[in-house]
Amino acid sequence: MKRLSLLFLALFVLICVTSPLAAQQAEWCKNLPRPAYSKLERVPTADPWFELYRIRPGVFAIYEPHQLEEVISYLIVGGNRAVLFDTGMGISNIQAVVAGLTKLPVSVVNSHTHNDHVGDNWRFSDIYGMDTDFTRTNARGSKEDAQAELAPDEICGALPAGFDAKAYATKPFHITHWLHNGDKIDLGGRTLQVIGTPGHTPDAIALLDEKNGLLFTGDSFYLGPIYLYRPETDLDAYVVSMQKLAALAPHLQLLLPSHNTPVADPGYLPKAVAAMRQVRRGEVKPVAKDGKHEYMFEGFSFLMQ
């Protein structure tokens, strides 16, 4: 009887301890999984920090659902080599995940050099980067932005075993090839064209797989709040870049963005251009959000100062 009483006491304590934690779960966390993922082909992985999805033959989305940014990196495989478009947060080892998907040589290409896209660059020896001062500065690494990603309301679930939160930083990395607008990367049977899309950052790019009708949009477009409020953001440049991408829409089958969900309809690109024009003409009333202004549209929004 005494043993049974102790068991009930232990259960009562467990409920009292865990209930406040559950109540404190971030709102964004409660909305996962996003419905779009149920329609995609899931690929098994031993690392619980990541989820893997096969989007098209030779194209894998590497999704990080346990952090607010919901970053998506892409492994794009050709006949002779592969490109990893971004390396994510660097909270867990994306190189090990990639090694389980291909044995071909892998080069890193970054959509831009914000910390949540270059976190594991340091693990790779072959890295392409846009030839900008912004890129060179960020390649030195930083700790402040990385640490901000670990705030309690930014994490959903457990961090990886053995992860040292106090030491977490974006480590320096070495760029071995400088990229420019219009450059092409031949993977063997698959060619990726670099499209400079400055605006979100000075070094932002998209990758076009013209043969397969795929456009990897980076942070220039994704479904959800598009961040356009940081000091390095240039709205004039962003509009020009989006017009450039929107012109490609009739020839595309699929957009592959770098946050939230890995698939979007190309028809969103001209809609985003029209939406930004409305914002800049003062025709849309924003909603206050975390000290910023959010301009809402169907499927996406612009988060601005």
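Positions 1096 to 1400 (the working numbering) are the ones given, in order, by the sequence shown. Note that beta-carbon positions come from the ideal geometry of N, C-alpha and C, so glycine has one too.
Check                                                                                                          : Outcome
Given Y1132 as reference, the closest of W1144, W1123 and A1156 once Cα atoms are compared                     : A1156
Residues that K1279 bridges to, as DSSP identifies them                                                        : Q1288
W1123 - containing beta strand (DSSP E), residue span                                                          : Per DSSP, W1123 belongs to no beta strand (DSSP E); it is in the alpha helix (DSSP H), E1122 to K1125.
contact_flag[the segment 1282 to 1294, the segment 1335 to 1342] where n(CB pairs < 8 Å) is 3 or more          : yes
Inter-stretch contact at 8 Å, needing at least 3 Cβ pairs: the segment 1188 to 1200 / the segment 1233 to 1247 : no
Own chain, CB closer than 6 Å to G1153, minus 5 neighbours either side, in chain order                         : V1172
Straight-line Cα distance separating T1286 from Y1322                                                          : 29 Å
As assigned by DSSP and simplified to three states, the class of E1136                                         : strand
Between the CA atoms of G1377 and P1128 - distance to the nearest angstrom                                     : 35 Å
Residues bridged to W1273 (per DSSP)                                                                           : G1224
Assigned secondary structure, E1389 (DSSP; H/G/I helix, E/B strand, else coil)                                 : strand
Cβ-based neighbour list, R1151, same chain, cut-off 8 Å, excluding 5 preceding and 5 following                 : N1307, L1309 and L1349
Span of the beta strand (DSSP E), counted from its first residue to its last, around E1146                     : E1146 to R1151
Rounded separation between G1224 and K1380 - CA only                                                           : 37 Å
Residue span of the beta strand (DSSP E) that contains D1304, given as start and end                           : I1300 to D1304
Cα-Cα separation, K1198 to R1176                                                                               : 9 Å
Length of the line joining the Cα atoms of H1269 and W1217                                                     : 7 Å
Terminal residues of the beta strand (DSSP E) in which I1157 lies                                              : V1154 to Y1158
Where D1298 falls, given that 16 or more other Cβ within 10 Å makes a residue buried                           : buried
Opening and closing residue of the alpha helix (DSSP H) in which S1336 lies                                    : L1330 to A1341
Environment of G1386 [buried if 16+ CB atoms lie within 10 Å]                                                  : exposed
N- and C-terminal bounds of the alpha helix (DSSP H) containing P1365                                          : Y1363 to R1375
Contact set for L1163: own chain, Cβ-Cβ below 8 Å, skip 5 residues either direction                            : A1121, W1123, E1244, D1248, E1249, I1250 and C1251
Alpha helix (DSSP H) segment containing A1383, residue limits                                                  : Premise fails: A1383 lies in the beta strand (DSSP E), V1382 to K1384, not in any alpha helix (DSSP H).
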